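**Student:** The opening residue of the sequence shown carries number 1 in UniProt numbering; numbering runs sequentially from there. All residues carry an ideal CB built from backbone N, CA and C; glycine is no exception. Computed from a predicted structure; not experimentally measured. Dropping the structure in here first, questions after.
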Amino acid sequence: MSCLRCHRFGHGRDRCKRNSDLCVKCGEPGHRGEECDRTHKCINCKGDHPASSKNCPKYLEEQAILRYRAHNGGTFGQASAAVVVEVAKEVRPKFYTQAVRGGPARKVTAPVSTPMAQNSATKKARPTNDKPRAGETRKPQTFERYGTNPEVDLESTDSIWSVRKEF
């Protein structure tokens with residue numbers, strides 16, 4: 001959903017907090033898109049296209065999140081955490097150690113909100129407050145409804161948009 005007043009995503013014109021309309025082509029107030037002769041500038045990604053472009057990276061990200069949510073359920077926040085947006089390799093910053101050593105690709109996982117431990121007596125998952133000890137690693141939390149949170153290798157992904165769970 002995109003607002004017809006400010007051209008941002010996530011709300012409609014009736015819920016927009018702006019008092020005046022923005023131009024869909026240049027993002028400036030005071031005139032409508034039909035009257036605009038300025039260069040195009042997207043209000044969402046600052047790219048050189050109108051805010052209504054179907055090729056806008058922010059629009060494509062929004063669509064991927066909505067598609068994930070339609071197939072897997074959950075909240076918008078859960079879906080946006082599950083969708084991985086990959087930056088083009090030439091603009092992605094390198095980490096110092098990776099540049100010096102030529103190390104392996106960086107892997108990213110979604111953050112784990114609360115650690116879970118398996119109770120051996122009842123075999124039910126329960127939250128724990130203990131922190132991992134030095135040298136100990138923990139696996140990402142598993143959500144029954146949404147599946148696990150596997151690692152994604154950003155260097156080997158071919159497409160710009162990748163989703164952690166196939167639909």
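1. Given a cut-off of 8 Å on the beta-carbon distance, is the pair Lys54 and Asn44 in contact?
2. In the DSSP assignment, find the unbroken alpha helix (DSSP H) run with Asn55 in it and report its ends.
3. Quick one: give me the first and last residue of the alpha helix (DSSP H) that Ser80 is part of.
4. Skipping 5 residues on each side, what residues in its chain have a beta carbon closer than 6 Å to that of Lys41?
5. In its own chain, which residues sit with a C-beta less than 6 Å from the C-beta of residue 204, not counting the 5 before and 5 after it?
6. Short of 6 Å in beta carbon distance, which residues of its chain neighbour His11, apart from the five on each side in sequence? Order them along the chain.
7. Can you check whether the CB of Cys36 is closer than 8 Å to the CB of Cys23?
8. Helix, strand or coil for Leu66, going by three-state DSSP, please let me know.
9. Given that a residue counts as buried once 16 or more other Cβ atoms are within 10 Å of its Cβ, and exposed if not, what is Ser20?
10. Which residue or residues does DSSP assign as beta-bridge partners of Pro29?
11. Distance, Cα to Cα, Gln63 vs Lys17?
12. So, Val84 versus Tyr68, is the Cβ gap smaller than 8 Å?
13. Compare the Cα-Cα distances from Arg32 to each of Asp14, Lys46, His7 and report the closest residue.
14. Would you report the Cα separation of Asp48 and Arg38, rounded to the nearest angstrom?
15. Counting C-beta neighbours from all protein chains within 10 Å, is the total for Ala70 16 or more, i.e. buried, or is it exposed?
**Tutor:** Quick answer:
1. no
2. Segment: none, Asn55 is in no alpha helix (DSSP H) and carries neither H nor E.
3. Going by DSSP, Ser80 is part of the alpha helix (DSSP H) stretching over 76-82.
4. Cys26, Gly27
5. Outside the shown range of the chain (1 to 167) lies residue 204, about which nothing can therefore be said.
6. Cys3
7. yes
8. Three-state result, Leu66: helix.
9. By the neighbour-count criterion, in which a residue is buried when 16 or more other Cβ atoms sit within 10 angstroms of its Cβ, Ser20 is exposed.
10. Residue pairing from DSSP places Pro29 in a beta bridge opposite Leu22.
11. 23 Å
12. no
13. Selected option, being the one with the closest Cα: His7.
14. 11 Å
15. exposed
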